[in-house]
Amino acid sequence: MYHEDVTPSRGTLPARAWYADSDARRLSLNGTWAFRLWPTAAGGGEEFTRPDFDPSGDPDWGEVAVPGHWVLQGHGSPAYTNVAYPFPVDPPRVPTENPTGDHRLVFDLPGDWPAGGECVLRFEGVESCARVWLNGQELGVFQGSRLPHEFAVGRLLRPRGNVLAVRVHQWSAGSYLEDQDMWWLPGIFREVTLLHRPAGSVADFFVHASYDHRAGTGTLRVDSAPGGRVTVPELGLDLAAGESATVPVEPWSAEVPRLYGARLTTEGETVPLRIGFRTVAIEDGVLKANGRRVLFRGVNRHEFHPESGRTLDLETMRRDVVLMKRHNVNAVRTSHYPPHPAFLDLCDELGLWVIDECDLETHGFVDLGWRNNPVDDERWTPALLDRARLMVERDKNHPSVIVWSLGNECGAGRGLTAMARWIRERDPSRPVHYENDPAYPDSDLHSRMYAPHEEVELIGRRAEPPLEDPGADARRRAMPFVLCEYAHAMGNGPGGLSEYQRLFERYERCQGGFVWEWIDHGLARRTADGRPWFAYGGDFGEELHDGNFVCDGLLFPDRTPSPGLVEYKKVIEPVRIGGDGVAGTVRVANLHDVADLSHLAFTWSYEVEGETVADGTLPVPPLGPGESAEVALPEPPRTDLAGEVWWTVRAVLAHDTAWAERGHPVAWGQLAAAPLPRTRPAATPVAPRRAAGRIDLGPAVFDAADGLLVSLGGIPLKGPRLDVWRAPTDNDNGASWQTDTRHGLLWRELGLHRMRHRLDAVETDAADGGALTVRTRVAPAATDLGLRAVYRWTATERTVRLEVAVEPEGDWPCPLPRLGVRLGLPARHGYARWFGGGPGEAYPDTRAAAMTGRWEAPVDDLQTPYVRPQENGARADVRWAELREDGGSGGGLRIEAGSAPFWFTARRWTSEHLDAAGHTCDLVPGDTVWVNLDHALHGIGSQSCGPGVLPGYRLRAEPARFSFVLSAA
Ligand code: IPT
């Protein structure tokens, strides 16, 4: 049958440019359609296509919203696989069980619908194969899910009672080309529109708008069928189609997205255009726009909404672009298919560099040694060319699109070469990208995914190991380098972003990368009692699935930024603020590609122990891109406060923009100044006193039998005891194909989640300066590995000091997850305040965004709701923390750092509960606030798909000492 035919389509019109609007009439056919699901492709025959067919009253017919996916509307269910095809691989055949949705819409033409001309029926996206009938006449069939398909329908239309029937098959030959890592979501998921095409209307057009950065001029030529004129009032241009003119212009860039309003007018139609002048070129092995090196601070974006899947409304698309801009993101790879066309309009308007990627991935053939890979099989080449054509023709007029990408993860093959050749011929103005063939025969960029830092460094130095073929090697060595995917943002992480950024800044050739990925694809669900959670692979009973690998974004499914996005924003900030707070100078470097600093305002604040003493504005010269300056800070303001002193300098938007308001923070830096000395009244030490079954020491009471702290200042406490366990993160666990040690698995194998605490001694020795000493050995069963832990308690009348000494025993084969103590407080102490890094979560290799200051939040808000629960919520470099009652106004416990700041984590469940939970709704607060005070934490890394924790961030099992001072707050 046609759906198993590699021939892409039948009956459709040639590909052409998309535009949002024109003066020609259009009729949206979105809305509620009649719908019936069949288990096989044959369905119930073609009766439903007949105009006189009446589904009403037939209980098998229901309704579905178009655009939409039927599996998200109660008909069947979604399924998630990453690489694996969820059906036997026998191209182009697909299973007999092939969910098939018959869709039917009856519509009238508006009374004033024009009589003459042609009419075109346009589908923006249907997954994965459709056959279409209008008023009983078959129009044709198509494949290519994330691509537009049009039919000429004028001759068939009637004023009233038109019957549009669309049969959609979930599986088709096209499915073999659409093996992207995402939910399988069949349906008519983008708009359906009826377009009136007046006689002499625009058939297709191609805007060529280049920029000569030496001359400061733009050259415009618009090719159009059938001719017409282009006017650009602001530039005084009125050109015939095909005629070119060169005039002084301001160029378009992602940083300064200058667009000129224009019109293309043919005999029958006027199309409003927005023209951006820019030239993309590879010069001396560097990708440049308008003569300047581009540094991609990018993300990979799938289209996703937790309720509607890949059906996105305009508002959601705009939200994505706005969120990207607000987080300093300047580039997007449309992984792994062309997005809704309106998204590219938003990229033009708000400013993002776009790698537009074709709807193509055949990753599932990798496990077959790429046998029968469609991209290396001539029979499929027409389908590949069709996809290339549909993308390029649709999107060719966007200044934001600066690179065409052939697709993702298809191995190598002749079909790709054919695509690249066609694209280069049709549009020589843009480079072509394709990652998956290491010789890059079909790419103008050297592109890698998840390359470790060392490899990026080698490539930066043009010292990468050579390819066998010297010609190919020389070619590759001369190419610009991008990481089309890096920093796998699955769960807690990614770690190591700062180290990548340094490489991008050091090596001209390393032009940045695209974090994998923008958003978690978790589907919104509710428990029986109404609590929300997000579903991932396996939650719909799929027989084959890849679990929560579908949740690896910088945004949570509901588009709340994750700590990973906050970290990324800081790491890629386009202004670097550093310097010497003691000397009183701040160094400001402009890291923009194009923009000077005149769009930013700078402020300073002077903080003692986290309290702002004074603030003001800082005059910074409008440095050009690449420039930097030393700027003097004001005289330190007078204050009676004492303690640590910090200058915080911020760069904020000086004016409202289309994506954020004046004052929006873009970059910041903190400079330590000399501390202001503090005089503390000396407190007299007190000695432990043994009473019936207890030991009293200052404000603390201990159990004499086990030496555990029982209460402090009247607050009942559990612990503190040594704790090394954390609920493994996705990055701790690593991906199944990772060959390096996957520490999360090793930790569990060793039993770090079931440590036993053996008590060796409880000593109150007056000779030891009046200390209570508790000696223990902490170790899991079945191994001789262990940690000797000695807790030494001393006190004054109001405070107790805990000093912990840890000595590992045995030959530890792995780093520790964490090293510190855990204690429990009654649940009512649910409000945290601290002085240290904040406001958000941080780990050793994800802490660039932690700002030193005073922070406070309910314990509930300290949690990061990773879709699959895992270690989260640590705050870095904490000098002191308090857990108080009554929303912060009541009393509680205060913990001060002993000799060095600590990592502070508080939650309403234990790490063991966190570890056991599969979804956020499994986490239920208990009667205790559990607090981890850590001397050190193991880093995060990116091993859920990429490299593990860099050596400097591994927590080696080695002797350690750390201390805290506890008191009642
Ligand atoms: C890479 C894919 O290109 C992307 O679609 C996604 O699956 C990502 O990984 C992981 O989330 S492929 C990977 C096996 C290197």
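Taking full-length UniProt numbering, the leading residue of the sequence shown gets 1, the next gets one more, and so forth. We put the beta carbon where it would ideally sit given N, CA and C, even for glycine.
heavy atom of the ligand IPT below 7 angstroms from residue i C-beta
i	result
aspartate 730	no
tyrosine 337	no
glutamine 180	yes
methionine 324	no
histidine 488	yes
tyrosine 450	yes
aspartate 356	no
cysteine 945	yes
glutamate 409	yes
aspartate 552	yes
phenylalanine 549	yes
asparagine 82	yes
tryptophan 516	yes
tyrosine 455	Rather than tyrosine, the amino acid found at residue 455 in this sequence is glutamate. Result no, Cβ not under 7 angstroms from the ligand IPT.
glutamate 485	yes
Residue i in three-state terms, based on DSSP
i	result
phenylalanine 962	strand
methionine 851	strand
residue 971	Residue 971 is absent from the structure shown; the chain starts at 1 and stops at 969.
arginine 274	strand
glutamine 501	helix
arginine 50	coil
valine 582	coil
valine 566	helix
glycine 698	coil
tryptophan 171	coil
leucine 406	coil
cysteine 129	strand
lysine 396	coil
aspartate 367	helix
residue 982	The shown model of the chain, from 1 to 969, leaves out residue 982, and the question about it has no answer.
glutamate 425	helix
arginine 576	strand
cysteine 119	strand
tryptophan 909	coil
leucine 72	helix
proline 382	helix
leucine 544	coil
Beta-carbon separation (whole angstroms), residue i vs residue j, contact threshold 8 angstroms
i	j	result
alanine 842	alanine 876	4 angstroms
valine 652	histidine 664	6 angstroms
threonine 799	proline 688	About 14 angstroms separates the two Cβ atoms, so there is no contact after all.
arginine 394	leucine 194	With 8 angstroms as the limit, arginine 394 and leucine 194 do not qualify as a contact, their Cβ atoms being about 18 angstroms apart.
glycine 174	serine 145	7 angstroms
aspartate 784	glycine 948	No, aspartate 784 and glycine 948 are not in contact; Cβ-Cβ is about 26 angstroms, not under 8 angstroms.
glycine 200	glycine 242	About 16 angstroms; that fails the 8 angstroms criterion.
tryptophan 70	leucine 37	6 angstroms
residue 993	tyrosine 500	Because the chain here runs from 1 to 969, residue 993 falls outside it and cannot be looked at.
Proximity below 8 angstroms, CB of residue i to CB of residue j
i	j	result
leucine 235	valine 247	yes
alanine 685	threonine 796	Note on residue identity: the sequence assigns proline, not alanine, to residue 685. Yes; because the gap between Cβ atoms is below 8 angstroms, this pair is in contact.
alanine 968	proline 681	no
phenylalanine 549	asparagine 872	no
proline 452	aspartate 444	no
alanine 17	histidine 196	no
glycine 125	arginine 214	no
cysteine 119	histidine 169	no
leucine 13	glutamate 150	yes
arginine 297	glycine 512	yes
threonine 837	alanine 848	Here residue 837 turns out to be glycine, not threonine, going by the sequence shown. Taking 8 angstroms as the Cβ cut-off, glycine 837 and alanine 848 do not qualify as a contacting pair.
arginine 495	asparagine 731	Just to set this straight, residue 495 is glycine in the shown sequence, not arginine. Going by C-beta atoms, glycine 495 is nearer than 8 angstroms to asparagine 731.
tryptophan 404	aspartate 442	no
phenylalanine 365	glycine 411	yes
proline 78	phenylalanine 835	no
aspartate 860	arginine 828	no
glutamine 73	valine 66	no
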